[in-house]
Every structure is written in structure tokens, then in C-alpha cells.
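Residue numbers (this note's numbering): 2 to 92.
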């Protein structure tokens, strides 16, 4: 099952996407986390890395994608963004 949660904490938006699938082994999770923390991607895998880097470049290092996983139980992908409420304008 896939669950999606939306949390707002101190003007920060957290989108949590969790599944109860097989999850990542600890080794694979470390590889993915290392890739996300790197400024350069020397692999053929670009999707999540590309989105993460764009978020970091746009909003800063406090934002982006984080992945946690418990092997054989679940994986959670958290996307963290600044919450910018649209100002009321007469345009």
C-alpha cells in the first residue's frame, strides 16, 4: 500500500510518500543517500538525484529529497519544500 502524508511545520512543507514494499537493503540505502548528498552524479541514474539537486539549488540545503527505508518493511521518500503562502494582491 502507498500512503501519502502532507505535514506543515514552521512554514516548511513535508510530503511523505511511504510504501510497505520490500524496502532497500542498508547497503543500497547508503548508496542512494550518498548520491543525494553529492554535488555530482557520476551514475546513469538521474531521476531522483536531478529533482533533489534542483530543489537544493532553488531553495537551499535544508530542502530536497530524503529517503529512509527498513528492509522487508517500508520505504519513505520525504520531499521538503519551503511553504510560501501567496500574498494577497489585486493583480
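Using N, Cα and C, we set each Cβ at its ideal position, and we do this for glycine too.
Local conformation of residue 54 per DSSP, three classes: To locate residue 54, count along the chain shown from 1; it is residue 53. If DSSP states are grouped into helix, strand and coil, residue 54 belongs with the helices.
Reference residue 46, options 32, 58 and 56, closest by Cα: Sequence index remark: in the chain shown, residue 46 carries index 45 (1-based). Ranking the options by Cα distance to residue 46, first place goes to 32.
Nearest-angstrom Cα separation, counted from residue 43 out to residue 76: Working through the chain shown from its first residue, we reach residue 76 at position 75. Working through the chain shown from its first residue, we reach residue 43 at position 42. Approximately 24 Å, taken between the alpha carbons.
Integer-rounded CB distance, given that residue 53 should sit under 8 Å from residue 37: Translated into the one-based positions of the chain shown, residue 37 becomes position 36. Translated into the one-based positions of the chain shown, residue 53 becomes position 52. At roughly 5 Å, the Cβ-Cβ gap stays under 8 Å, so residue 37 and residue 53 are in contact.
Whether residue 59 touches residue 23 by CB criterion (8 Å): Taking the chain shown and counting its residues from 1, one reaches residue 59 at position 58. Taking the chain shown and counting its residues from 1, one reaches residue 23 at position 22. Taking 8 Å as the Cβ cut-off, residue 59 and residue 23 do not qualify as a contacting pair.
Cα-Cα separation between residue 68 and residue 85, rounded to whole angstroms: Reading the chain shown from its first residue, position 67 is the one you call residue 68. Reading the chain shown from its first residue, position 84 is the one you call residue 85. Roughly 24 Å separates the two Cα atoms.
Residue 29, enclosing alpha helix (DSSP H) - first and last residue: Position 28 of the chain shown, counting from 1, holds the residue named residue 29. In the DSSP annotation of this structure, the continuous segment of the alpha helix (DSSP H) that includes residue 29 starts and ends at 27–38.
8 Å Cβ cutoff met for residue 4 and residue 19: For the purposes of this step, residue 4 is taken as the residue at position 3 of the chain shown. For the purposes of this step, residue 19 is taken as the residue at position 18 of the chain shown. Cβ atoms of residue 4 and residue 19: closer than 8 Å.
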